[in-house]
Amino acid sequence: MPAILIADDNQQITSILGEYAKKEGYDPIIALDGLDALEQYKRKKPDIILLDVMMPGMDGFELCREIRKDSNVPVIMVTARGEDYEKIMGLDIGADDYIVKPFSPGEVMARVRAILRRIEREDSRSDQVFRYDNLSINLEDYSVAVDGINISLTKKEFELLWTLASHSNKVFSRDNLLDSLWGHDYFGDSRTVDSHIKRLRSKLDVFAHPNWEIKTIWGVGYKFEVIS
């Protein structure tokens with residue numbers, strides 16, 4: 061259940077938004093001043109924050125700055141004022157969205173849903189991409205680039221690289237790679253893996269990559285070694 065921190069010194073507003081949040085399936089965390097909101101943020105690590113600008117103790121702008129020192133958690137600023145400079149300031153210090161009072165609680169929840177959906181899509185896409193140093197591997201379109209230059213790999217070469225790189229420093233035996241990428245009923249032998257690794261290396265080694273390599277573990281198999 062996503063947790064939503066609702067920070068506003070108006071208890072009626074926090075109560076209404078808290079009830080709407082529960083109906084949406086969120087876990088509301090209520091704070092009635094800026095210092096309490098900062099403490100709740102640090103203790104409970106909410107998934108998204110609704111942040112009133114004018115609060116006692118610490119205003120919303122200052123609180124947003126504090127949050128942005130160590131987190132990219134989505135922040136929606138809420139204020140009774142509609143001046144453009146305040147909207148610009150809020151966005152410049154790291155807010156993701158801006159809502160002006162009076163507002164519809166339904167609209168606020170719609171903004172929350174939209175931001176959380178976007179974050180979910182970004183997280184999903186990040187699971188499909190491996191990046192280390194000058195190497196980028198995208199599982200979604202089977203593309204590989206080193207130093208920003210695309211490298212043409214066969215499907216099996218790509219799958220070998222993805223399997224090794226996405227489990228950096230883990231050693232895979234030849235038989236394990238053969239079974240997982242070619243299937244248990246494949247009639248070839250482990251030399252198939254060796255030949256594919258050789259061709260894969262020849263394509264990658266066109267580029268300098270001192271911080272990573274596909275390393276042979278003699279008598280065992282291969283690993284993608286990262287050198288920090």
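Under the numbering used here, the first residue of the sequence shown carries the number 61, and numbering increases by one thereafter.
Every residue gets a Cβ at the ideal spot worked out from N, C-alpha and C, and that includes glycine.
Can you check which of these residues, 61, 260, 63 and 235, is closest to residue 280 by C-alpha distance? Cα-wise, what sits closest to residue 280 is 235.
Going by DSSP in three states, residue 278 sits in which element: helix, strand or coil? Three-state result, residue 278: coil.
Residue closest to residue 140, alpha-carbon to alpha-carbon, out of 77, 150, 157 and 162: From the listed residues 77, 150, 157 and 162, the smallest Cα separation to residue 140 is found for 162.
Just tell me which of 150, 251 and 106 has its CA closest to the CA of residue 172. 106 is the residue among 150, 251 and 106 whose C-alpha sits nearest the C-alpha of residue 172.
Buried or exposed: which applies to residue 278, given that a residue is buried once 16 or more other Cβ atoms fall within 10 Å of its Cβ? So residue 278 ends up on the exposed side.
Can residue 250 and residue 238 be called in contact, C-beta distance under 8 Å? Yes.
My guess is that residue 120 and residue 130 are in contact by the Cβ rule of under 8 Å, so how many angstroms apart are they, rounded? That pair is no contact at about 17 Å.
Roughly how many whole angstroms lie between the Cα atoms of residue 199 and residue 89? About 37 Å.
Give the DSSP-derived three-state secondary structure of residue 115 in the structure shown. Residue 115 falls in the coil class under three-state DSSP.
In terms of residue numbering, what span does the alpha helix (DSSP H) encompassing residue 236 cover? Taken as a continuous stretch (DSSP letters only), the alpha helix (DSSP H) holding residue 236 covers 234-242.
Which term fits residue 134, buried or exposed, when burial requires 16 or more other beta carbons within 10 angstroms of its beta carbon? A residue is called buried when at least 16 other Cβ atoms come within 10 angstroms of its Cβ; residue 134 meets this threshold and is buried.
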